[in-house]
Amino acid sequence: MHINPYLFILPRTPGQIVWNYKNHTQHELDLNYTSRLARLIDNPNLFDRQNIIDVQLLKAEILTIAKIDSPQWGWDELSKIYHIGTQNIPCARTPQNIHEWSRQYLDHCTEVLNKPAPAQQRPALNTGQRIALPAPCGLTDDSLGNALRQRKTCRSFTGEAIPLRDVATLLYLSFGFLHERENSRDDCIAHGLHARRSSPSGGGLNACEGFVLARNVCGLEPGLYAYHPAEHALSLTNPLPESALGDLLGGQHFINNLPLGLFITARFDRLWWKYEHSRAYRMAFVEAGHLSQSFQLVATALGFGTWLTGAFADDRVEALLKIEGSPEQPLFFVGCGASDGQAMCREMQDLLREVQA
Ligand SMILES: Cc1cc2nc3c(=O)[nH]c(=O)nc-3n(C[C@H](O)[C@H](O)[C@H](O)COP(=O)(O)O)c2cc1C
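Taking the working numbering, the leading residue of the sequence shown gets 13, the next gets one more, and so forth.
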């Protein structure tokens, strides 16, 4: 008999909460159960099939017959609990199609808007006179200003094919190691840490990577591709999954015909190597955010609408990217394509009209 490695125990008088952070289940144990569990933790071989508590602990998967291996993790248990505990969030009912999604999302928004909203003003900043700032001036070359002003989250895409040339531009300017920066190398930077992207990177480690989801790209077979930033090249990882893209992305089916997407992953092992403290876990997400924004600005400048999400089925995405059980983990998804620029998909707009009528 074994103790499930994905447990943590919270003291909550009069009992103890045993939390399985992988399965997202909790059990409240009284003194009898916690005393018995303490004995079994000390020696799992004391397991006794005649003991009702032991049988119940096994049924609750606090004990397991087979040994469960826990994945490699280079930071502390706290960050591991958080990382695994926020993966594969169970959803009472994942929307199966765009109509279900629209209805569920509308219900959710209605519920949220019926609750009192947080204060508009930040309480601590209520005092102090405002110092008016000059009107913003135009940038010398306003293409950046335009991209910043025009970027918006679109939820309605035509599905039209994207030229491979645009995909290459997008990947190079957001994820590629910039050749243009090779000549401005700083001699004091350690060997192996010279590569630079358009976005900053925690410790210069370039811990984030990108996997392209090509649904409709001219000159590229549909599929999942790893992007190699040093060579500015792609390699096929997997064909497209049979199920709709929305199934992978939290049931957000308005995205089913998005022609191009990018899963942003982080190589935690690179961060473990340099940063011992789990605070570096936060940096992985910050870096992914920078890369996502760069991707969106380039896509906007190329005339595409953009969309992004952190809601996906982690285990399915990991399998698709062939990184299951590895220290490389998917963090975010960003995509783009020809769009009518609508923030809401047509089905949601129809539903809103129907509800308002
Ligand atoms: C971290 C993050 C997660 C997001 N997740 C989703 C998402 O799951 N689905 C979605 O449709 N939009 C998502 N968005 C987009 C936001 O809803 C959008 O940025 C916000 O409504 C403001 O609109 P704008 O991007 O057009 O300025 C996300 C944005 C961020 C920054």
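Glycine included, each C-beta is placed from N, C-alpha and C at the ideal position. Model, not experiment: these values are computed from the prediction.
Any non-hydrogen atom of ligand 1 within 7 Å of residue i CB
| i | result |
| --- | --- |
| ALA278 | no |
| THR321 | yes |
| ARG134 | no |
| GLY262 | yes |
| ALA129 | no |
| ALA355 | yes |
| THR312 | no |
| GLY98 | The residue asked about is misnamed: residue 98 is Thr in this sequence, not Gly. THR98 Cβ: outside cutoff for every heavy atom of ligand 1. |
| THR25 | no |
| ARG227 | no |
| THR165 | yes |
Start and end residues, beta strand (DSSP E) containing residue i
| i | result |
| --- | --- |
| HIS289 | That residue, HIS289, is in no beta strand (DSSP E); it is neither H nor E in DSSP. |
| LEU205 | Unbroken run through LEU205: none, as it is neither H nor E. |
| GLN28 | 27-32 |
| ARG279 | 272-279 |
| GLU330 | Run containing GLU330: none in the beta strand (DSSP E); it sits in the alpha helix (DSSP H), 326-333. |
Counted within 10 angstroms of its Cβ, other Cβ atoms place residue i as buried (16 or more) or exposed
| i | result |
| --- | --- |
| GLY273 | buried |
| GLU340 | buried |
| LEU248 | exposed |
| CYS149 | exposed |
| TRP285 | exposed |
| ASP66 | buried |
Where the alpha helix (DSSP H) through residue i begins and ends
| i | result |
| --- | --- |
| LEU379 | Residue 379 is absent from the model: the chain starts at 13 and stops at 369. |
| TRP113 | 110-125 |
| ARG193 | No alpha helix (DSSP H) contains ARG193, which DSSP labels as neither H nor E. |
| GLU89 | 89-97 |
| LEU155 | In the sequence on display, residue 155 carries Ser and not Leu. Run containing SER155: 155-162, per the alpha helix (DSSP H) assignment. |
Assumed close pair residue i, residue j - CB separation to whole angstroms, cut-off 8 Å
| i | j | result |
| --- | --- | --- |
| ASN16 | ILE74 | 6 Å |
| ILE276 | PHE324 | Actually they are not in contact, since the Cβ atoms of ILE276 and PHE324 sit about 11 Å apart, beyond 8 Å. |
| TYR45 | LYS34 | Contact flag wrong, Cβ pair sits at about 21 Å. |
| ASN100 | ASP259 | The pair is not a contact, with the Cβ atoms about 14 Å apart (cut-off 8 Å). |
| PRO107 | GLY263 | 4 Å |
Between the stretch 221-238 and the stretch 134-141, do at least 3 Cβ pairs fall closer than 8 Å?
no
For the stretch 319-336 and the stretch 344-353, state whether three or more C-beta atom pairs, one from each stretch, are separated by less than 8 Å.
yes
For the stretch 145-163 against the stretch 294-302, are there 3 or more C-beta pairs whose distance is under 8 Å?
no
Hey, is the stretch 328-340 in contact with the stretch 182-191, meaning 3+ C-beta pairs nearer than 8 Å?
no
Would you say the stretch 351-367 touches the stretch 115-131, given that touching needs at least three Cβ pairs under 8 Å?
yes
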